[in-house]
Amino acid sequence: MISPAHYVALAVILFVIGGVGVLIRRNALVVFMSVELMLNAVNLSFIAFARMHGQLDGQVIAFFVMVVAAAEVVVGLAILTSIFRARKSASVDDANLLKN
Amino acid sequence: MIHSLILASPGSDSAELAAWWILAIAAVGAALGMIFTKRAVHCAVMLAVVMLILAAMYAMQGAPFLAFVQVIVYTGAVLMLFLFVMMIVGVSAADSIIETIRGQRLWAGLAGISLLVLLALVVGHAAIGAAAPSGPRNSSTNVEGLARLIFTTYVFPFEVTSALLITAAVGAMVLAHRERTGPKPTQRLLSRQRVAGGHPAPLPGPGTYAQHNAVDMPALLPDGSASRLSVSGVLANRAIEAERSGGRPAIAAEVLEPGEPADLDMPATVPTRGGDPPRRLPGGLPPEPPAPAANEEER
């Protein structure tokens, strides 16, 4: 068995890629997808640590993260469609009514 | 069966390492592709690749239950929800290149690199031991052990989760719901608007089979010019966009008159086929998107 450190390293890389995606993309949908990528990376590290400790608690927590992520996506996409209906744009730059 | 297949036997060390390298490179490549591809649909496909690879990695680490949940929930439900919303919010809308904040990309890249360095330092300093000898072992199988934990130690968070899911479902329905503010248009009103809209007859069909074998070819008017009403606004927008990004201008040359600036509002006031009054269709959007995110994935 290879060390869990391999998986944790991959999780770090994916997390950073997701973070950069959140920062550089303007389409709100793609920003959401990047957030999902970050959540998945964290899940990977949870499972790697669960394996390192030989216990299942990490897997249970990853399971809960998945559930919460599903709920988050549902509400987030609903907000996105209602913003799109009002503003006719899915770009995060256009939702600037509160600016100034 | 899968369990015994997945929980690697002690001898298969190099096999797992090779699989890790292949999957990790593919995952990082797909993730980079996701954040750098312009079209949102391509991003979703790349994200699906990453999630499937992660499912395989869960399986490699003795978490077959989570691997299946990952495939079913993430690639099955969450990404499909993304694609549904993408169909509503406008597939044709590519990201704008213009930076609203000056130097945003540069600073984002710097922030990403510094985050990577920070995390690498933290993880490098942490003592990550080798895997426990026989993988997760609280019970005979992974699913059994997870069930035992979820329904004993974590039973309260589990119940709270169900409340959270119900709340999310209701919230999505409330957010996606839209009240009818005016009276429902009657048939008389609709026919009046249709006549008053200047185009009482049905719209001309596309020029399929007249010259080409595709719906994006405009029909020709008697004088030989192309009829702009005969091509769907979505297709016209895509053509304009392709022309802008240097692709082949499939129909734009015929739909747009030469010399005319490619304005995205070109097919904007197309009388819809239902005889509604002319509506603006920005970005080729159907005027009344169906209620979107009401389909929750049940977890």
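Top to bottom, those sequences are chains A and B.
Going by this note's numbering, the letters in the first sequence line up with residues 9 to 108, in that order.
Going by this note's numbering, the letters in the second sequence line up with residues 4 to 302, in that order.
We put the beta carbon where it would ideally sit given N, CA and C, even for glycine.
Just so it is clear, the structure is predicted and the values come from calculations on it, not from any experiment.
Check: Which residues bound the alpha helix (DSSP H) around D65 (chain A)?
Finding: In the DSSP annotation of this structure, the continuous segment of the alpha helix (DSSP H) that includes D65 (chain A) starts and ends at 65-95.
Note to self: Looking at the strands, I want to know which residues DSSP matches up with A229 (chain B).
What the structure shows: DSSP, once it has assigned bridges, lists B:L223 as partnering A229 (chain B).
Check: Of the choices B:M220, B:S235, B:V237, whose alpha-carbon is the least far from that of G229 (chain B)?
Finding: As written in the sequence, residue 229 (chain B) is Ala, which differs from the Gly given in the question. Ranking the options by Cα distance to A229 (chain B), first place goes to B:M220.
Check: Can you give the Cα-Cα distance for H45 (chain B) and D226 (chain B), rounded to whole angstroms?
Finding: H45 (chain B) and D226 (chain B): Cα-Cα distance of roughly 41 Å.
Note to self: By the three-class DSSP mapping on this structure, what secondary structure does S11 (chain A) have?
What the structure shows: S11 (chain A) falls in the coil class under three-state DSSP.
Next item on the list: Locate the alpha helix (DSSP H) running through L69 (chain B), then write down its first and last residues.
Entry: It spans 67-72 - the alpha helix (DSSP H) in which L69 (chain B) sits, taken as one unbroken run.
Margin query: Suppose contacts are defined by Cβ-Cβ distances below 8 Å. Is A43 (chain B) in contact with T78 (chain B) by that definition?
Written below: No, Cβ-Cβ distance for A43 (chain B) and T78 (chain B) is not below 8 Å.
Notebook entry, point to check: For a contact meaning CB atoms closer than 9 Å, what does M54 (chain B) contact in chain A?
Noted result: Counting only Cβ-Cβ distances below 9 Å, M54 (chain B) has contacts in chain A at E44, L45, N48, in chain order.
Next item on the list: State buried or exposed for G115 (chain B), treating a residue as buried only when at least 16 other CB atoms are found within 10 Å of its CB.
Entry: By the 10 Å Cβ count, G115 (chain B) comes out buried.
Note to self: When you compare the CB of R197 (chain B) with every CB in chain A, is at least one pair closer than 8 Å?
What the structure shows: By this cut-off, R197 (chain B) is not an interface position.
Notebook entry, point to check: Do you know how far the Cα of A19 (chain A) is from the Cα of A123 (chain B)?
Noted result: A direct Cα-Cα distance of roughly 11 Å separates A123 (chain B) from A19 (chain A).
Notebook entry, point to check: Which residues share a DSSP beta bridge with N145 (chain B)?
Noted result: The partner list for N145 (chain B) (beta bridge, DSSP) is empty, contrary to what the question assumes.
Notebook entry, point to check: What's the gap between the Cα of V76 (chain B) and the Cα of A70 (chain B)?
Noted result: Their backbone Cα atoms lie some 10 Å apart in a straight line.
Next item on the list: Compute the beta-carbon to beta-carbon distance between I153 (chain B) and P12 (chain A), rounded to the nearest angstrom, for a pair I have assumed lies under 8 Å.
Entry: The C-beta separation of I153 (chain B) from P12 (chain A) comes to about 23 Å, leaving the pair out of contact by the 8 Å criterion.
Check: Who are the neighbours of T184 (chain B) on chain A, taking C-beta pairs under 7 Å?
Finding: Within chain A, no residue has its CB atom less than 7 Å from the CB of T184 (chain B), the nearest being about 13 Å off.
Next item on the list: Could you name the residues of the region 82-93 of chain A whose beta carbon sits closer than 8 Å to any beta carbon of chain B, in the order they occur along the chain?
Entry: Listed by position along the chain: V82, V83, L85, A86, I87, L88, T89, S90, F92, R93.
Check: Under the rule that 16 or more other beta-carbon atoms within 10 Å means buried, what is W110 (chain B), buried or exposed?
Finding: Exposed: under 16 other Cβ atoms inside 10 Å.
Note to self: I'd like to know if P160 (chain B) contacts chain A, where contact means its C-beta is closer than 8 Å to some C-beta of that chain.
What the structure shows: Judged by the 8 Å Cβ criterion, P160 (chain B) is in contact with chain A.
Check: Is the shortest distance between the beta-carbon of F71 (chain B) and the beta-carbons of chain A less than 8 Å?
Finding: At least 8 Å separates the CB of F71 (chain B) from every CB of chain A.
Check: Is it the case that the Cβ atoms of M60 (chain B) and E19 (chain B) are separated by a distance below 8 Å?
Finding: Taking 8 Å as the Cβ cut-off, M60 (chain B) and E19 (chain B) do not qualify as a contacting pair.
Item checked: Beta-carbon contacts of R54 (chain A) that lie in its chain and below 6 Å, excluding the five residues immediately before and after -> Checking the sequence, you will find Phe at residue 54 (chain A) rather than Arg. The residues are G66, I69, A70.
Next item on the list: Closer than 7 Å by C-beta to A77 (chain A): which residues in its own chain qualify, once you throw out the five before and the five after it? Chain order, please.
Entry: Excluding sequence neighbours, A77 (chain A) sits near E44, L47.
Note to self: Between T164 (chain B) and chain A, is any beta-carbon pair separated by less than 8 Å?
What the structure shows: The beta-carbon of T164 (chain B) is placed less than 8 Å from the nearest beta-carbon of chain A.
Note to self: If contacts are defined as beta-carbon pairs under 8 Å, then S235 (chain B) and P207 (chain B) qualify, I think. What distance do you get, rounded to the angstrom?
What the structure shows: In this structure, S235 (chain B) and P207 (chain B) do not form a Cβ contact; the two beta carbons are roughly 12 Å apart against a cut-off of 8 Å.
Next item on the list: Taking the CB atoms as reference points, tell me whether V92 (chain B) and L37 (chain A) lie closer together than 8 Å.
Entry: For the pair V92 (chain B) and L37 (chain A), the CB atoms are nearer than the 8 Å cut-off.
Margin query: Spatial neighbours of S99 (chain A) within its chain, please: C-beta separation below 8 Å, excluding the five flanking residues on both sides.
Written below: Once the five neighbours on either side are set aside, the close Cβ partners of S99 (chain A) are R34, N35, A36.
Item checked: Close Cβ partners of R276 (chain B) (< 8 Å) along its chain, the five nearest in sequence each way excluded -> Because the pLDDT at R276 (chain B) is just 42, under 50, the model does not fix this residue reliably, and the value given afterwards should be weighed accordingly. Only P205, L206 meet the Cβ criterion.
Margin query: I'd like to confirm the pairing. Which residues does DSSP put opposite S235 (chain B) in its beta bridges?
Written below: DSSP lists no beta-bridge partner residue for S235 (chain B).
Check: Do you know offhand how far F23 (chain A)'s Cα is from F161 (chain B)'s?
Finding: For F23 (chain A) and F161 (chain B), the distance between alpha carbons rounds to 26 Å.
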